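A.B. asks: This is the structure I have questions about; it appears just below.
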Amino acid sequence: MNLVYVNLYNKERIIELLKILADLKYRIFSQGSTFSYLLRNGIEAEEVKSDVYHPNIAISSFLLGKKSKSLPSKPSLIIADILQDEIDDTYNLILLISAAKSGIPAICKYTDYEKVKENLKLFGEIGNNLKKELMFNLYSAIAFGISKKSYEIFPYLNITSEEITIPLKRITKLDCGENPHQRAFLFSSLIKTKKLWENIEILNGSLNLNHIIDINKAAELKTDIRYPACFSIRHSNISGFASSDNIYEAFYDMISNKKCEREIFVFNCEIDSKIINKLNSLNAEAVIASSYSQDVYKFIKDRNIKLKIIKMPDIINPPQENDIFYFNGDFVFQDKDIFDESQNIKLMTKRKPSIEEIKNISFLTALSKHSKTFSSIIMSHNKMLSISQSETTILDAIKTSIYKMNYQNIIKLDRSELMIAVDGSLDINSLNELTKLPIKIIIETGGNKEDEECIKICNSTNISLFFTKKRHFKHF
């Protein structure tokens, strides 16, 4: 005898499925408002009653091996929802956990309705593979609801715990993965106080996985830049940077002598349609800004704009958050690399920087933190002139950044204003390369036995040498 038990809050889409089950001679049982709803909609159902317990409790006891008069036999299918993706109803929770423990398939999500209907129409029964999928979805729904409740109490990962459950909810399907033939979906966790993707608004266009990677990079760097600035990213690498109180000056300074095609441009302030129009003409991939003036919305509507336009409010991630790395089924959790340039660097030489240079130091330390080891970044007058990263040695990074700077002929200003940040420990050979240039400031991450000699050389050449108090090495 095939038997189905139904107990639902949202009943609107159940009737068609129950009619198919009735045609296949399933006996349909229900209780309370669900039972009344089925009768009103022409479904022949039998009512489950219990004088002592809620009917769900009586059925749960029956599923777990206790004697019961509630049903003539154990159901072969249970349909019971979890209200609003949460465990808000104790009776449905107990019912679904009992079904899972007893190996009885259950439909707890509307997304499974269509699959079950098609299976029943084709085969007259629920196939073994679909039963396994329903069981998987059932366990996932229960785990999500319970773990969501735990993160409402404490919204951060407790990485000292031996067991960790991370609830993930699908946000959207992406256009594609890294390549057009790969599927990709965006899931968001509940472990963040400021849910990044729930705060991001896509004003124009659609995204793929590579956009998501670049947007994540933009969000991290944008958080660490404290002055009005714009920067560009391509393939998760920083490719340009400029700052000014006048964002237009910074933007046009950054794009001068620079190829902008397929890059993502990021602004930590409000921008208008003038910048949108310029980026669209340059065939940029996307623009991210803290906010947009009202003329941008009309501009998008009136023009055929291909540029992806993304609104990303300023978000400060709390220090309790963690970085998560995934390696083929294994996860590594690490503390967040918190950045505070005011407490992060130490002057090692006699020459003191000017007020304007201090602002550039802030930019350099932030850019260096978000560049892959080993890196070398050259700046002048609030503008990044070149960057080299992911090199095998710091000497290679320095040589490459100098070559890029000279090859692109970027410098049309006083070369005595050059500043550099190196993500690694300087040695004498590396420092000798730098002293060929009129470098005024060097920021070094790391340290080794040659530090004292490097300090002497910098003092003799009137260079301000800073050491970071923390190592911000980035390998991914």
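When we follow this note's numbering, the leftmost residue of the sequence shown carries the number 467, and every step to the right adds one. The beta carbon of each residue, even a glycine, is placed where N, CA and C say it ideally should be. Predicted, not measured: the structure shown is a model, and the values here were computed from it.
Rank LEU559, LEU675, GLU715 and MET778 by C-alpha distance to the C-alpha of ASN665 and give the top, closest one.
C.D. replies: Among LEU559, LEU675, GLU715 and MET778, the Cα nearest to that of ASN665 belongs to MET778.
A.B. asks: Between the stretch 676-689 and the stretch 818-827, are three or more C-beta pairs nearer than 8 Å?
C.D. replies: Not touching, per the Cβ criterion.
A.B. asks: Which two residues bound the contiguous alpha helix (DSSP H) that contains TYR557?
C.D. replies: Here the alpha helix (DSSP H) through TYR557 covers 556-568.
A.B. asks: Between which residues of its own chain and PHE653 is the CB-CB distance below 8 Å, once the five residues before and five after are set aside?
C.D. replies: Cβ neighbours of PHE653 beyond the five flanking positions: LEU634, LYS635, ARG636 and ILE637.
A.B. asks: Within a Cβ cutoff of 6 Å, which residues of the same chain sit near THR934, ignoring the five residues on either side of it in sequence?
C.D. replies: The answer, listed in chain order, is ASN810, ILE811 and THR911.
A.B. asks: Check whether the stretch 558-574 and the stretch 486-504 touch, using three or more Cβ-Cβ pairs below 8 Å as the test.
C.D. replies: No, the stretch 558-574 does not touch the stretch 486-504.
A.B. asks: If ILE905 sits next to ILE886, beta carbons under 8 Å apart, how far is it from one beta carbon to the other, in whole angstroms?
C.D. replies: Indeed they touch by this definition, with Cβ atoms about 6 Å apart.
A.B. asks: Name the DSSP beta bridge partners of GLU512, please?
C.D. replies: Paired residue(s): PHE495.
A.B. asks: Does the beta-carbon of GLU584 have 16 or more other beta-carbons within 10 angstroms, so that it is buried, or is it exposed?
C.D. replies: Per the 10 Å Cβ criterion, exposed.
A.B. asks: Counting C-beta neighbours from all protein chains within 10 Å, is the total for PHE731 16 or more, i.e. buried, or is it exposed?
C.D. replies: The residue is buried, with at least 16 neighbouring Cβ atoms inside 10 Å.
A.B. asks: Applying the 10 Å Cβ sphere with the 16-neighbour rule, what's the burial state of LEU588?
C.D. replies: That one is exposed.
A.B. asks: Spell out a yes or no on whether the stretch 733-741 and the stretch 699-717 are touching, meaning 3 or more CB-CB pairs, one atom from each, closer than 8 Å.
C.D. replies: Yes, they touch.
A.B. asks: Quick one: residues in its chain with C-beta nearer than 6 Å to the C-beta of ASN473, no 5 flanking neighbours on either side, listed in chain order?
C.D. replies: Around ASN473: THR500 and ALA546.
A.B. asks: Does the count of Cβ pairs from the stretch 528-546 and the stretch 473-486 closer than 8 Å reach three?
C.D. replies: Touching, per the Cβ criterion.
A.B. asks: Terminal residues of the continuous alpha helix (DSSP H) containing PHE829?
C.D. replies: Run containing PHE829: 821-835, per the alpha helix (DSSP H) assignment.
A.B. asks: Since GLU580 is in the alpha helix (DSSP H), which residue starts that stretch and which ends it?
C.D. replies: Looking at the DSSP string, the run of the alpha helix (DSSP H) that includes GLU580 is 579-589.
A.B. asks: Does DSSP put ILE481 in a helix, in a strand, or in coil?
C.D. replies: Note: ILE481 maps to helix in three-state DSSP.
A.B. asks: Return helix, strand or coil for ILE877, following the three-state DSSP convention.
C.D. replies: Low per-residue confidence applies at ILE877: pLDDT is 48, beneath 50, and the placement is therefore not dependable enough to give any value.
A.B. asks: Using a 10 Å radius around the Cβ and a threshold of 16 neighbouring Cβ atoms, would you call LYS922 buried or exposed?
C.D. replies: LYS922 should be labelled exposed.
A.B. asks: Of all the options LEU623, TYR617 and CYS574, which has the alpha carbon lying nearest to the alpha carbon of PHE602?
C.D. replies: Minimum Cα distance to PHE602 is reached at CYS574.
A.B. asks: Indicate the three-state DSSP secondary structure (helix, strand or coil) for ILE929 in the structure shown.
C.D. replies: Coil at ILE929, not helix or strand.
A.B. asks: Since VAL514 and LEU487 are thought to touch, with beta carbons under 8 Å apart, how far apart are those beta carbons, to the nearest angstrom?
C.D. replies: About 16 Å; that fails the 8 Å criterion.
A.B. asks: Quick one, are the C-beta atoms of LYS774 and ASN746 less than 8 Å apart?
C.D. replies: No, Cβ-Cβ distance for LYS774 and ASN746 is not below 8 Å.
A.B. asks: If you measure between the beta carbons of SER705 and ASN734, is that distance less than 8 Å?
C.D. replies: No, the pair does not count as a contact, with Cβ atoms beyond the cut-off.
A.B. asks: Starting from GLU736, trace the beta strand (DSSP E) both ways and give me its first and last residue.
C.D. replies: Its beta strand (DSSP E) spans residues 730-737.
A.B. asks: Tell me which residues share the same chain as ASP880 and place their Cβ nearer than 7 Å to its Cβ, disregarding the 5 neighbours each side in the sequence.
C.D. replies: Here the model assigns ASP880 a pLDDT of 45, short of 50, so the residue's position is not dependable, and the following value carries that caveat. Nothing meets the Cβ criterion.
A.B. asks: Give the C-beta separation of LEU586 and LEU490 to the nearest angstrom, bearing in mind that I take them to be a contact with Cβ-Cβ under 8 Å.
C.D. replies: Contact flag correct, Cβ pair sits at about 6 Å.
A.B. asks: Helix, strand or coil: which one does DSSP assign to ASN802?
C.D. replies: The displayed chain sequence assigns Lys, not Asn, to residue 802. If DSSP states are grouped into helix, strand and coil, LYS802 belongs with coil.
A.B. asks: From the DSSP output, in three-state form, read off TYR758 for me.
C.D. replies: In the structure shown, TYR758 sits in a strand (DSSP, three-state: E or B).
A.B. asks: Below 8 Å, how does it come out for the stretch 866-874 and the stretch 840-852: are there three or more Cβ pairs, yes or no?
C.D. replies: With a cut-off of 8 Å, the stretch 840-852 and the stretch 866-874 count as touching, because enough Cβ pairs lie within range.
A.B. asks: Looking at the secondary structure, which residues open and close the alpha helix (DSSP H) in which SER526 lies?
C.D. replies: SER526 -> alpha helix (DSSP H) spans 521-529.
A.B. asks: Where does ASP547 sit, in a helix, a strand or coil, going by DSSP?
C.D. replies: In the structure shown, ASP547 sits in coil (DSSP, three-state: anything other than H, G, I, E or B).
A.B. asks: Just checking THR866 against the ligand NAD - is the residue's beta carbon closer than 7 Å to any of the ligand's heavy atoms?
C.D. replies: Of the ligands one can find in the structure shown there are none, so the ligand NAD has no counterpart to examine.
A.B. asks: From this set, ASP517, LEU675 and SER828, which residue's C-alpha is nearest PHE651's C-alpha?
C.D. replies: Of the candidates ASP517, LEU675 and SER828, the one whose C-alpha sits nearest the C-alpha of PHE651 is LEU675.
A.B. asks: Would you report the Cα separation of THR626 and ASP789, rounded to the nearest angstrom?
C.D. replies: The alpha-carbon atoms of THR626 and ASP789 are separated by roughly 14 Å.
A.B. asks: Does ASP789 come out as helix, strand or coil in the three-state DSSP assignment?
C.D. replies: ASP789 falls in the strand class under three-state DSSP.
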